[in-house]
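Worksheet: the structure to be examined is printed underneath.
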Amino acid sequence: MPKQIPEELVEEIRKSNDIVDIIGEYVQLKKQGRNYFGLCPFHGENTPSFSVTQDKQIFHCFGCGKGGNVVTFVMEMEGYNFYQAINYLAGKSGHTLPDKAQSEGSFQSKETLDALSAYEWLTKLYHHLLRHTKEGKEGYQYLKDRGFTDDVIDTFQLGYSPNSKDFIVEFLEKKGFHRQSMVKAGILSSNEDNVVTDRFRGRVIFPIRNHLGKTIGFGGRTITDQKPKYLNSPESELFQKGKLLYNFDLARKSIRKKQEAVLFEGQMDVISAHKAGVMNGIATLGTALTDMQAKLLRRYVDTVIICYDPDNAGFLASFKAAKLLKQVGCAVKVATLPNGLDPDDYIKTYGADRFHHEVIEASDTYMTFMMKYLKKDYNLKLEGDRIQYVENVIDEIALIERPIEREHYLKELANEFELSIETLTQEVRSRNEKIGGKQDKPNQSSHTNKANSFKKTQKLRPAYYNAERQLLAYMLQDASIAEKVKVEVGGAFNVDEHKIIVTYLYGYYEEGYTPNVSQFIEKLPDSAIQSTVVQISMIPIHEDISDKEINDYIRMIRMEQNEKETIHSLKIEQRNAEMQNDPVRAAQIAMQILELKKQIKNSNH
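The numbering of the sequence shown is the UniProt record's numbering, which starts it at 1 and goes up by one.
Written out as structure tokens, the structure is:
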């Protein structure tokens with residue numbers, strides 16, 4: 001245990017951060033029985049196999065096998081070391097770490113730490129200039145003219161950068177930041193003559209935060225005729241557009257509550273929608289939706305409503321985003337905006353209520369949108385175009401898994417083009433046969449189906465292996481059983497991984513700790529061993545285990561040890577016989593070894 005943080009404090013911080021609450025900030029969890037389940041954040045999947053056990057304060061994925069406690073989860077998700085994870089959790093639970101531990105818990109890269117600090121200072125400065133100074137009056141009036149209230153301006157910490165080459169540069173230097181390091185971080189810019197200036201001067205500022213609420217970049221919108229109209233921070237270690245979603249930190253709570261996210265094209269749309277009461281709005285940062293962003297959304301929600309501009313570019317972007325979100329397992333809807341209005345203009349023209357009821361709530365289903373999108377490329381008055389359009393729609397319908405939904409759209413297609421439902425159904429069936437005989441799948445929403453399918457892929461293990469794991473499951477829950485095994489077996493387990501676990505477990509109990517899987521795994525040397533312990537701790541055990549059952553497990557472990565020792569001795573005899581030029585004796589011993597191995601194999605299955 002790190003010496004900079006008292007062990008008692010680490011345990012208090014861990015206990016104060018319920019694992020369901022912390023993981024629930026990253027993964028959409030649903031309770032089933034005693035546990036919670038969701039999509040694993042560590043590997044791609046469409047069926048939940050990620051389990052969180054509240055009473056043991058551990059997580060485990062039946063798909064990839066990863067497991068741990070609240071500290072190791074934060075370490076994995078954020079790329080933190082132990083100190084950083086404890087520092088993060090301490091902040092959530094209101095604990096204060098010793099100064100030395102706090103410094104250990106900060107980001108390792110000084111450049112990254114400086115950039116975060118500079119972004120924090122500038123966020124406050126830009127906002128202050130906008131709200132309280134004559135330099136920011138022009139930017140403030142622009143936002144007010146766009147219908148932004150003071151409450152919205154404060155919520156999103158909107159700001160303004162004065163149209164001065166030196167003001168921001170000098171401000172940062174007075175705070176101790178070196179101008180070249182700020183250029184490298186993308187906060188300042190330099191021209192061919194190495195003149196350093198604020199890259200956002202003369203623009204309204206939109207702070208861009210990561211999921212933890214830390215500003216890691218800015219978006220700047222011109223209020224004059226500057227080019228470009230919108231300008232984002234450049235790509236850097238902190239600011240990677242393809243991994244970020246604007247407003248995700250503020251929208252996350254509403255997204256989790258509604259189980260639905262509204263995806264916009266830009267920051268102005270998100271803020272306008274927020275002003276209209278749409279609190280679950282997020283946006284990409286001037287780029288098309290990426291696979292990483294789609295997977296991030298899938299971890300949190302079942303449904304994503306795409307609300308892009310109604311022009312040709314927006315229509316194409318909606319199509320690409322819808323396909324990508326569908327591929328990662330989201331239910332997709334697409335909002336339709338009339339008269340060429342973008343979301344911001346629509347809300348100004350028709351108001352919040354109509355935006356809710358006539359745009360968001362009236363969104364098209366994925367398939368309805370796809371039929372509209374495909375139709376735009378054809379002149380349906382022409383027979384050839386009609387046939388081609390129907391063929392393309394059938395391709396999409398064939399991908400629908402639910403029979404009722406599939407039949408609904410086939411009937412719609414049949415009625416529109418006066419075709420028989422039987423013919424269309426046969427077309428869908430033939431397509432499915434071509435792509436591998438896809439059939440209606442049974443409901444796999446339950447974690448048990450995923451867990452069972454995972455177990456089926458595991459190779460059959462020998463009896464001693466299963467005995468060791470079963471015994472370890474009891475030892476993790478009962479220190480007296482661990483003491484009995486220690487006396488009778490010690491560390492002489494047959495599986496190397498199990499040897500490591502029992503060695504640490506004996507030491508854990510010797511230090512006076514009580515059974516606690518979540519606490520114990522922090523003593524283990526690496527994440528692979530931690531995951532194994534979590535997996536073992538989830539093995540069902542009897543509360544009133546008998547001495548006979550424990551003794552049977554011990555006997556199987558010893559028997560394997562004895563047989564291995566016997567084979568080892570016979571191999572030594574065999575080598576001696578060969579060295580003494582006694583081939584007959586060497587062959588006899590070889591037969592004994594083969595027979596013994598056969599007996600071991602038979603007894604293990």
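Don't be surprised by glycine CBs; every beta carbon is placed ideally from N, CA and C.
Contact belief for residue i with residue j at Cβ below 8 Å, rounded distance in angstroms
| i | j | result |
| --- | --- | --- |
| V304 | A362 | Contact flag wrong, Cβ pair sits at about 16 Å. |
| V502 | G67 | That belief does not hold up - the Cβ atoms of V502 and G67 are roughly 18 Å apart, past 8 Å. |
| M268 | D344 | 5 Å |
| L471 | S537 | About 13 Å; that fails the 8 Å criterion. |
| Q84 | T123 | Not confirmed; about 22 Å, so no contact. |
| G159 | L130 | 5 Å |
| R203 | S161 | 6 Å |
| S51 | H43 | Contact doesn't hold; Cβ gap of about 14 Å is too wide. |
| V428 | I397 | 6 Å |
Reference residue i, options the options, closest by Cα
| i | options | result |
| --- | --- | --- |
| P41 | A294, E12, L125 and K229 | A294 |
| F167 | D154, Y140 and E135 | E135 |
| G147 | G351, D496 and F369 | G351 |
| G186 | H211, R203 and N232 | N232 |
| L188 | A118, D150 and T222 | A118 |
| H498 | G512, Q519, A528 and S518 | A528 |
| V195 | K165, S430 and E76 | K165 |
| L263 | Q141, T290, L238 and Q240 | T290 |
| R252 | E235, L296 and L125 | L296 |
| G213 | L244, V270, K326 and N551 | L244 |
| K257 | M292, E235, D302 and Y504 | D302 |
| D249 | Q226, A115 and G281 | G281 |
Which of helix, strand or coil DSSP assigns to residue i
| i | result |
| --- | --- |
| P583 | helix |
| S189 | strand |
| S420 | coil |
| K66 | coil |
| S51 | strand |
| Q267 | helix |
| T224 | coil |
| T133 | coil |
| E260 | strand |
| H128 | helix |
| F206 | strand |
| H43 | coil |
| I306 | strand |
| F177 | coil |
| V390 | helix |
| I355 | Before going further, note that residue 355 is Phe rather than Ile in the sequence given. The answer is helix: DSSP assigns F355 an H, G or I state. |
| K434 | helix |
| G147 | coil |
| D166 | coil |
| N452 | The predicted model places N452 with a pLDDT of 45, which falls under 50 and marks its position as unreliable, so this point remains unresolved. |
| T336 | coil |
C-alpha gap between residue i and residue j, whole angstroms
| i | j | result |
| --- | --- | --- |
| R406 | L399 | 9 Å |
| G220 | F200 | 6 Å |
| K484 | S546 | 13 Å |
| M559 | E578 | 29 Å |
| E358 | T336 | 9 Å |
| I394 | G340 | 30 Å |
| L410 | L424 | 7 Å |
| S181 | E111 | 7 Å |
| D21 | G242 | 27 Å |
| I360 | L413 | 25 Å |
| G490 | H542 | 23 Å |
| A492 | I500 | 10 Å |
| K571 | Q580 | 14 Å |
| K31 | T532 | 24 Å |
| T155 | E416 | 49 Å |
| K375 | S430 | 23 Å |
| E433 | E391 | 16 Å |
| N81 | M75 | 6 Å |
Own chain partners of residue i with C-beta closer than 7 Å, once the 5 adjacent residues on each side are dropped
| i | result |
| --- | --- |
| E45 | L39 and G63 |
| F218 | F200, I205, F206, P207, I208 and S233 |
| K441 | Below a pLDDT of 50, predicted positions are generally treated as unreliable, and K441, at 45, falls in that range; the measurement from the model is reported next regardless. Once the five neighbours on either side are set aside, the close Cβ partners of K441 are E401. |
Cβ-based neighbour list, residue i, same chain, cut-off 8 Å, excluding 5 preceding and 5 following
| i | result |
| --- | --- |
| N191 | T197 |
| R299 | Y26, V27, Q28, G38, L39 and P41 |
| V479 | Here the sequence assigns Ala to residue 479, which means Val is not the residue at that position. Closer than 8 Å at Cβ, skipping near neighbours: Y509, T514 and P515. |
| S518 | R14, I19, K56, Q57, I58, N69 and V70 |
Nonlocal neighbours in the same chain, by C-beta distance under 6 Å from residue i, ignoring five residues either side
| i | result |
| --- | --- |
| I347 | S272, A276 and F355 |
| Y308 | E265, G314, A317 and S318 |
| P48 | F37, G38, L39 and H447 |
| F369 | V334 |
| H95 | I13 |
Closer than 9 Å to chain D by CB, residue i
| i | result |
| --- | --- |
| G159 | Here there is only one protein chain, and chain D is not present. |
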